[in-house]
Structures are given as C-alpha cells and as structure tokens.
Amino acid sequence: MFSLDTQDIALDLEAGAAFELSARFLGFITDNIYGEFQSTSAHLSLLSNVLRFFTVTYLGNNDIHTLASSYNAEVRKTLLSSYFRALFYLGQQNVSDIPRQLPSALLSAAAAGTASIYALFGGQGTNEVYLDDLQSLYDVYKPFVEPFITTMTNEVLEPLAATRQDTMFYSYGMNVTAWLSGEIHRPSTTYLASVPISAPLIGLTQLAQYLVVCRVSNITPAELRDRIVGATGHSQGLVSAVAIAASTTFESFMDNARKAIKWLFFSGLRGQQAFPVTSLEPGIVQDTLDGGEGTPSPMLSVAGLSFNDLELHVKKTNSHLPDNSKITVSLRNGPRTFVVTGPPRSLYGLVTNLRKIRAPTGLDQSKTPFSQRKPVFSIRFLVVGVPYHSTYLDGAAEKLCMEDLGGEELWKPQDLHIPVFHTEDGWFPSS
Numbered sequence: 036m037f038s039l040d041t042q043d044i045a046l047d048l049e050a051g052a053a054f055e056l057s058a059r060f061l062g063f064i065t066d067n068i069y070g071e072f073q074s075t076s077a078h079l080s081l082l083s084n085v086l087r088f089f090t091v092t093y094l095g096n097n098d099i100h101t102l103a104s105s106y107n108a109e110v111r112k113t114l115l116s117s118y119f120r121a122l123f124y125l126g127q128q129n130v131s132d133i134p135r136q137l138p139s140a141l142l143s144a145a146a147a148g149t150a151s152i153y154a155l156f157g158g159q160g161t162n163e164v165y166l167d168d169l170q171s172l173y174d175v176y177k178p179f180v181e182p183f184i185t186t187m188t189n190e191v192l193e194p195l196a197a198t199r200q201d202t203m204f205y206s207y208g209m210n211v212t213a214w215l216s217g218e219i220h221r222p223s224t225t226y227l228a229s230v231p232i233s234a235p236l237i238g239l240t241q242l243a244q245y246l247v248v249c250r251v252s253n254i255t256p257a258e259l260r261d262r263i264v265g266a267t268g269h270s271q272g273l274v275s276a277v278a279i280a281a282s283t284t285f286e287s288f289m290d291n292a293r294k295a296i297k298w299l300f301f302s303g304l305r306g307q308q309a310f311p312v313t314s315l316e317p318g319i320v321q322d323t324l325d326g327g328e329g330t331p332s333p334m335l336s337v338a339g340l341s342f343n344d345l346e347l348h349v350k351k352t353n354s355h356l357p358d359n360s361k362i363t364v365s366l367r368n369g370p371r372t373f374v375v376t377g378p379p380r381s382l383y384g385l386v387t388n389l390r391k392i393r394a395p396t397g398l399d400q401s402k403t404p405f406s407q408r409k410p411v412f413s414i415r416f417l418v419v420g421v422p423y424h425s426t427y428l429d430g431a432a433e434k435l436c437m438e439d440l441g442g443e444e445l446w447k448p449q450d451l452h453i454p455v456f457h458t459e460d461g462w463f464p465s466s
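For the sequence shown, the residue numbers in our numbering are 36 to 466.
Listed below in structure tokens is the structure:
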C-alpha cells in the first residue's frame with residue numbers, strides 16, 4: 036500500500052512539473068517574439084502549436100485558474116500570466132483558430148437561462164488592500180488591463196489631480212500605471228487609503244476586474260452583461276454597476292469607465308472637503324486599538340446588537356454632544372448589522388458606552404440565565420475618512436453635480452441595458 040501511494044504521488048508530481056514547464060515555455064516563446072526575434076511566421080507557428088498542445092493536454096476539462104491554484108502565489112502568477120500573454124499575442128497577430136479552454140460553466144448556464152448572475156460592487160472598506168488587488172490583476176492579466184489602466188491614468192486621474200494642486204490630497208499624484216509597473220515607488224498606505232485617492236481607484240479596480248472577465252472569457256461587455264440579470268453596489272459601488280450596465284462594446288466600456296472614474300474622483304474630493312481629517316489625542320487612539328475597535332474614523336460598524344438597543348445608546352451619547360457633533364445610525368446592512376456615522380471623537384464616546392454592556396471576548400455564559408446574559412456583538416471603526424450617508428456631507432453632492440460636472444447628466448435611465456437595483460429597496464430606474 037505504501038509503494039502504491041508513493042507511486043501515485045510521484046505521478047502527480049511529474050504531471051504537475053510538466054504542466055508548469057509547458058506554461059513557462061508558452062511565456063518564454065511569447066517573450067522572445069516580443070523581443071529579439073520579433074514575430075516571424077516560424078515563431079508564431081511554434082507558439083500556436085505549443086498553445087494547442089497545452090490546451091488539449093491540460094485544459095480539456097479544467098480551467099487554467101483551477102490548475103494553477105495548487106501552486107504558491109508567485110508561481111501561480113507566472114503560470115497564469117504566461118498563458119494569457121500567449122493568448123493575447125496570437126489574438127494581436129490575427130491568428131485564426133486560436134485554441135482556447137472550455138467556456139465558463141457558469142456563464143454558459145446563464146446564457147442558457149439555467150442560472151442567474153448578479154453583479155455586486157462594494158464601496159469604501161477595502162481602502163488598505165485595493166491596490167494589491169489591482170497589482171495582482173496587472174501582473175497576471177497585463178496585456179488585457181495595462182492599456183485600460185494607462186488610459187484612465189493619463190486621460191482622467193492624472194489631469195484631474197494636477198488641477199487640484201491647491202490641496203494636500205494629491206501630493207503624490209495619481210500615476211497608477213507607474214505605481215503598478217514599479218517605475219515610481221508606491222505611496223504609503225495612509226495616502227492610498229485616503230478617500231480622495233481610494234474612491235476613484237477602488238472604482239478603477241472594480242472595472243478592471245470586469246474587463247478581465249470579458250477578456251478571459253473571450254466575450255464583449257455586451258455579451259457578459261446579457262448574462263447578468265441585474266447589478267447593484269454598496270455606496271460608491273453603484274457607480275461601477277451603472278457603468279457596466281451601460282456598456283456594450285469595449286469602446287463604450289472605456290467611455291463609461293472614464294465617466295465613472297471622473298464621478299468618483301470628485302465624490303472623494305468633495306466628501307473630504309466637506310469633512311476634513313482631524314487628529315485625536317494619542318491616548319484615545321491607543322485605547323481603541325487596545326480595545327480591538329481599530330483606529331477611530333467617522334464610521335463605526337456595530338454587528339450583533341439589535342437596532343433598538345443600539346439606538347438607545349446613540350441617543351444617550353448624543354445627549355452629551357452639541358448639535359454639530361451628534362452621531363446617527365446611517366446604514367442598516369442587515370437585521371443586526373449597522374453603521375453609525377459622525378465625528379470620530381463622538382463615536383469614541385459611543386464605543387466607551389457600548390463596552391460597558393458588551394460581553395467580554397471568550398466569556399462563557401452557558402450557565403447564566405438568558406435574561407441576565409450580556410449581549411455579544413462587535414464594534415469596529417471602518418477604514419474611511421469621510422462620514423458618508425450622513426448630513427455632514429450636505430451640499431457636497433450639489434457641488435459635484437453643478438460645479439465639477441457642470442450640470443452634465445452622465446447617464447440616463449435608457450442607457451442602462453440591465454436593471455441597476457437600489458441597495459436598500461430594490462428599486463431600479465426604467466426608461
């Protein structure tokens with residue numbers, strides 16, 4: 036039995052090594068065609084035949100991502116990028132009958148009407164990691180996303196940031212292409228997490244992900260959109276949802292991306308202008324870090340507490356605050372999941388009140404009568420510098436629409452080819 040297991044392992048290792056070598060060979064051939072040897076017919080023929088062998092041998096019943104998933108991150112990136120560089124180059128050379136892996140089972144089911152797909156886009160909250168996601172897309176699918184990112188950088192982000200040099204928000208610019216390529220050192224996480232930077236770049240990342248799905252699946256934005264029943268987003272994610280709902284060709288996708296990123300740029304700018312960043316005493320910051328709530332911000336997530344109990348403590352906290360510092364429950368993300376918004380110092384007061392009633396972590400209440408048990412819930416400051424969904428931003432939307440966009444209506448209901456649902460009530464505009 037031992038020898039049989041050992042033999043099976045050896046065969047698996049041999050197959051894995053052959054797969055990795057074949058993928059790397061694809062990348063080697065592609066890189067040499069781009070480089071010294073250029074695109075001779077012999078090299079094109081070699082690349083096409085190696086890709087055909089690779090597809091027939093390894094991708095008959097598997098997806099390239101599935102096969103690469105068992106490798107570590109660096110090797111996985113190399114394998115995937117090698118495969119997609121080869122596909123891209125043959126497409127650029129108008130090679131006929133390019134061998135491809137089987138189409139996505141999910142997208143095929145959606146096209147047949149046996150599955151329903153919704154496109155969901157998130158909002159602020161990934162401020163500290165979104166550029167890592169964009170970097171991964173750039174490294175793996177570079178031929179597909181680099182032109183898109185470069186266009187958005189050169190035509191939208193950099194010009195808009197350059198016109199706002201009177202503020203400190205864009206002190207390191209917004210040359211995303213240079214950050215990703217390593218030409219310019221990536222700015223600090225603090226800079227990237229600031230709302231004027233993160234708002235448009237989270238949108239850029241979301242749209243790049245959508246573009247990758249189109250390119251990898253070898254379908255147009257319209258064909259992908261037709262496989263989607265509807266789209267929605269949380270907060271700023273609605274902008275990305277609208278952009279993909281209005282896109283048909285790759286050209287129209289680029290146009291809608293320009294609009295979306297421009298809108299998100301001004302949304303981040305106006306939001307931060309309406310609520311400037313303020314500093315707190317180091318003792319308060321250290322207290323919330325030690326308490327597990329994170330660095331104080333204008334938005335506090337409370338999960339696990341009933342709305343009535345939370346509202347009671349919000350009112351109690353507000354009774355000690357002036358009108359210009361009060362807090363409010365601004366988002367109901369679920370029956371027991373809420374976001375409270377207001378100045379960080381005011382939210383800190385709420386945190387100290389909630390700590391008094393919260394069950395300590397790890398407390399065993401199994402022998403405590405239910406009526407006497409302390410509630411179990413979590414409190415966490417969101418990584419965001421602007422109190423969105425609150426009256427603290429009154430007037431910011433009007434400045435964005437009338438001053439920044441000059442009253443231009445970027446999209447009309449009839450531009451949307453699939454429903455874009457309201458996050459809370461499910462309503463969507465119709466033509």
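Just so it is clear, CB atoms sit at the ideal spot from N, CA and C, and this is done for glycine as well.
For ILE254, three-class secondary structure by DSSP:
Taking the sequence shown and counting its residues from 1, one reaches residue 254 at position 219. It is coil, neither helix nor strand.
Roughly how many angstroms separate the alpha carbons of GLY384 and MET437, rounded to a whole number?
Taking the sequence shown and counting its residues from 1, one reaches residue 384 at position 349. Taking the sequence shown and counting its residues from 1, one reaches residue 437 at position 402. Near 37 Å, if we compare the C-alpha coordinates of MET437 and GLY384.
Extract the residue ranges of the alpha helix (DSSP H) inside the stretch 322-364, only unbroken runs of 4 or more that lie entirely within it.
342-353
Among VAL180, GLN127, PHE89, whose alpha-carbon lies nearest the alpha-carbon of ARG135?
Residue mapping note: residue 135 aligns to position 100 of the sequence shown, counting from 1. Minimum Cα distance to ARG135 is reached at PHE89.
Let me know the secondary structure DSSP gives ASN368 once reduced to three states.
In the sequence shown, residue 368 corresponds to position 333, counting from 1. Strand.
From the DSSP output, read off the bridge partner residues of ILE414.
Here residue 414 corresponds to residue number 379 of the sequence shown, with the count starting at 1. Bridge partners of ILE414: VAL337.
Identify which residue in LEU227, THR92, ASN84 has its Cα closest to the Cα of VAL130.
Looking up residue 130 in the sequence shown gives position 95. The option with the nearest alpha carbon to VAL130 is ASN84.
Evaluate contact between the stretch 322-340 and the stretch 406-420, counting only Cβ atoms and requiring at least three cross-stretch pairs below 8 Å.
yes
Which residue from LYS409, ILE64, PRO404 puts its Cα closest to that of LYS391?
On the sequence shown, residue 391 is found 356 positions in, with the first residue counted as 1. Per the Cα distances, LYS409.
So is MET334 buried or exposed if we call it buried at 16+ other beta carbons inside 10 Å?
Translated into the one-based positions of the sequence shown, residue 334 becomes position 299. Its Cβ being crowded by 16 or more others within 10 Å, MET334 is buried.
Cβ distance (whole Å) where ARG111 is taken to contact ALA103 below 8 Å
Mapped onto the sequence shown, residue 111 falls at position 76. Mapped onto the sequence shown, residue 103 falls at position 68. With 8 Å as the limit, ARG111 and ALA103 qualify as a contact, their Cβ atoms being about 5 Å apart.
So what does DSSP say about ALA52, is it helix, strand or coil?
Your numbering for residue 52 matches position 17 in the sequence shown. Looking at ALA52 - three-state DSSP - the assignment turns out to be helix.
Would you give the residue range spanned by the alpha helix (DSSP H) that LEU82 belongs to?
The count along the sequence shown starts at 1 and reaches residue 82 at position 47. Looking at the DSSP string, the run of the alpha helix (DSSP H) that includes LEU82 is 76-93.
Unbroken stretches of the alpha helix (DSSP H), 4 residues or longer, contained in the stretch 202-285:
211-216, 224-228, 230-252, 256-260, 272-280
Have a look at LEU86 and PRO331 and give me their C-alpha separation to the nearest angstrom.
Taking the first residue of the sequence shown as position 1, residue 86 is located at position 51. Taking the first residue of the sequence shown as position 1, residue 331 is located at position 296. Between LEU86 and PRO331, the C-alpha separation is close to 53 Å.
If ARG260 sits next to ALA280, beta carbons under 8 Å apart, how far is it from one beta carbon to the other, in whole angstroms?
Numbered from 1 along the sequence shown, position 225 holds the residue referred to as residue 260. Numbered from 1 along the sequence shown, position 245 holds the residue referred to as residue 280. Indeed they touch by this definition, with Cβ atoms about 7 Å apart.
Report yes if the C-beta distance between PRO222 and LEU192 is below 8 Å; otherwise report no.
Position 187 of the sequence shown, counting from 1, holds the residue named residue 222. Position 157 of the sequence shown, counting from 1, holds the residue named residue 192. No. Outside cutoff.
What does DSSP give as the partner residues of VAL175 in its beta bridges?
Translated into positions along the sequence shown, residue 175 becomes position 140. DSSP output for VAL175 lists no bridge partner at all.
Thinking MET209 and ILE232 are a contact (beta carbons under 8 Å), I'd like their distance in whole angstroms, please.
Mapped onto the sequence shown, residue 209 falls at position 174. Mapped onto the sequence shown, residue 232 falls at position 197. Indeed, because the Cβ distance is near 7 Å, the residues count as touching under 8 Å.
From LYS294 to LEU445, what does the alpha carbon distance come to, in whole angstroms?
Start at 1 with the first residue of the sequence shown, and residue 294 comes out as number 259. Start at 1 with the first residue of the sequence shown, and residue 445 comes out as number 410. Cα to Cα, the separation comes out at about 7 Å.
For VAL455 versus ALA266, is the C-beta distance shorter than 8 Å?
The residue given as residue 455 occupies position 420 in the sequence shown. The residue given as residue 266 occupies position 231 in the sequence shown. For VAL455 and ALA266, yes; Cβs fall inside 8 Å.
When DSSP builds the beta bridges, which residues end up paired with ALA58?
For the purposes of this step, residue 58 is identified with residue 23 of the sequence shown, where counting begins at 1. None; ALA58 has no bridge partner.
Could you give the DSSP three-state label for VAL180: helix, strand or coil?
One-based indexing of the sequence shown puts residue 180 at position 145. Helix, per DSSP.
Suppose contacts are defined by Cβ-Cβ distances below 8 Å. Is GLY329 in contact with GLY158 by that definition?
Taking the sequence shown and counting its residues from 1, the one referred to as residue 329 is at position 294. Taking the sequence shown and counting its residues from 1, the one referred to as residue 158 is at position 123. Contact: no.
Where ARG305 falls, given that 16 or more other Cβ within 10 Å makes a residue buried
Position 270 of the sequence shown, counted from the start, is the residue given in the question as residue 305. So ARG305 counts as buried.
Rounded to whole angstroms, how far is the Cβ of VAL312 from the Cβ of GLY420, which I believe are closer than 8 Å?
Here residue 312 refers to the residue found at position 277 when the sequence shown is read from its first residue. Here residue 420 refers to the residue found at position 385 when the sequence shown is read from its first residue. With a Cβ gap of about 5 Å, VAL312 and GLY420 count as contacting.
Quick one: grab the DSSP three-state call for PHE373.
Numbered from its first residue, the sequence shown carries residue 373 at position 338. Correct three-state label for PHE373: strand.
Minimum C-alpha distance to TYR173 - residue among GLN308, ILE263, LEU242:
For this step, residue 173 is matched to residue 138 along the sequence shown. Looking at the Cα atoms, LEU242 is the closest of the given residues.
Please state if the CB of LEU115 and the CB of ILE99 are separated by a distance shorter than 8 Å.
Within the sequence shown, numbered from 1, the residue matching residue 99 stands at position 64. Within the sequence shown, numbered from 1, the residue matching residue 115 stands at position 80. Yes.
Just the C-alpha distance for SER282 and ALA432, rounded to the nearest angstrom, thanks.
Within the sequence shown, residue 282 is the residue found at index 247, counting from 1. Within the sequence shown, residue 432 is the residue found at index 397, counting from 1. Their backbone Cα atoms lie some 25 Å apart in a straight line.
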